[in-house]
Every structure is written in structure tokens, then in C-alpha cells.
Amino acid sequence: MATKIPMRMCLGCRTMKPKTDLIRIVRSPDGKISIDKTLKLSGRGAYVCNNSECFKRIIKSRAVSRTLKTEIPEDIYNSLQENLNG
79 MATKIPMRMC LGCRTMKPKT DLIRIVRSPD GKISIDKTLK LSGRGAYVCN NSECFKRIIK
139 SRAVSRTLKT EIPEDIYNSL QENLNG
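Heads up: the sequence shown runs through residues 79 to 164, numbered per the numbering used here.
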């Protein structure tokens, strides 16, 4: 029997994709914002596609700040941009 792959919505393009294809930004219970490479950190998560178009959209719309209900530090955006494929 095939295992079910969890689907998540990208905040940039609003399409449902497999969780493993997206980058997760997480706000931990103590309020720290980080990029979750393991997809297993506890806390509230926001997902974005691994491409520059979606990245530009989330910055312009401030979607991550709204989803995580906190301001996102500039270094998180910089780190995210360095991890993008295209």
C-alpha cells in the first residue's frame, strides 16, 4: 500500500504541492523564526515553492508575516533567497 504524501499550499502561487517539494518557514513556540530544512520542527509553519517567482510574491504580499502572525527578519528572507533553485 502506498504511503500518503501530505500536501501543503504555497503562499506565493496558492497551489497545493507535496510537502517535501516546498520550503518551510517556522515560528517556534518561543517566537523564533527559522527555515526548517527537516520539515519536523515544532511550531507554526508557512510553505513556499522553491522558485524565485513565488519568493517575490511572498515578499510583496507579506504573506509569511500574516501566516505566522509576526514580523519576519530580513536575514530569514536573505537565507531563503540563497536556498532557491530558480
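Here a beta-carbon is modelled for each residue, glycine too, at the ideal position from N, C-alpha and C.
Item                                                                                                                                       : Value
Which residues bound the beta strand (DSSP E) around K118?                                                                                 : K118 -> no beta strand (DSSP E), and no H or E assigned at all.
Given L119, which residues of its chain have a CB within under 6 Å of its CB, disregarding the five upstream and five downstream residues? : V104
Go to L146, then tell me how far its beta strand (DSSP E) extends in each direction, as first and last residue.                            : Segment A141 to L146 is the alpha helix (DSSP H) holding L146; no beta strand (DSSP E) there.
Under the three-state reduction of DSSP, which class applies to K82: helix, strand or coil?                                                : coil
Can you have a look at G90 and say buried or exposed, based on whether 16 or more other CB atoms are within 10 angstroms of its CB?        : buried
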